[in-house]
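Notes follow once the structure below has been shown.
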Amino acid sequence: MTKSADLRKKDAAGVEQEVKDLQKAHFGLRMQKATQQLSNTASLRSTRRDIARAKTILAQKRAATEGGSDSSSTK
1 MTKSADLRKK DAAGVEQEVK DLQKAHFGLR MQKATQQLSN TASLRSTRRD IARAKTILAQ
61 KRAATEGGSD SSSTK
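The C-terminal position of the sequence shown is numbered 75 in the working numbering, with every residue numbered one higher than the one before it.
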């Protein structure tokens, strides 16, 4: 499980990479579930939530950088 504080310390590129890694991990878990090899099905839920958490933080970072550049250009 990735912590929100750890994700917030990373830059936008680092969070994007984390999202990609989590999506790959989630895909692997889905394949294991499909082939009846996954014993801990709760891991699917936790990775899905980790992806959502990382995407939310990424959107906040992008909004902060876009908002900061827009407000400075209008002044």
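We put the beta carbon where it would ideally sit given N, CA and C, even for glycine.
Fair warning: this is a prediction, and the values are worked out from it, not measured in the lab.
With DSSP as the reference, label residue i as helix, strand or coil.
i, result
"residue 10", "coil"
"residue 24", "helix"
"residue 65", "helix"
"residue 38", "coil"
"residue 55", "helix"
"residue 33", "helix"
"residue 75", "Here the model assigns residue 75 a pLDDT of 49, short of 50, so the residue's position is not dependable and the matter cannot be decided."
Who are the Cβ neighbours of residue i in its own chain at under 8 Å, not counting the five residues just before and after it?
i, result
"residue 29", "38, 43, 44, 47"
Can you name, in chain order, every residue of its own chain whose Cβ lies under 6 Å from the Cβ of residue i, other than the five neighbours on each side?
i, result
"residue 75", "Here the model assigns residue 75 a pLDDT of 49, short of 50, so the residue's position is not dependable and the matter cannot be decided."
So, using beta-carbon positions, are residue i and residue j closer together than 8 Å?
i, j, result
"residue 57", "residue 23", "no"
"residue 61", "residue 25", "no"
"residue 4", "residue 53", "yes"
Check whether the stretch 29–42 and the stretch 6–14 are in contact - that is, three or more C-beta pairs closer than 8 Å.
Note that the stretch 29–42 does not touch the stretch 6–14; fewer than 3 beta-carbon pairs, one per stretch, sit closer than 8 Å.
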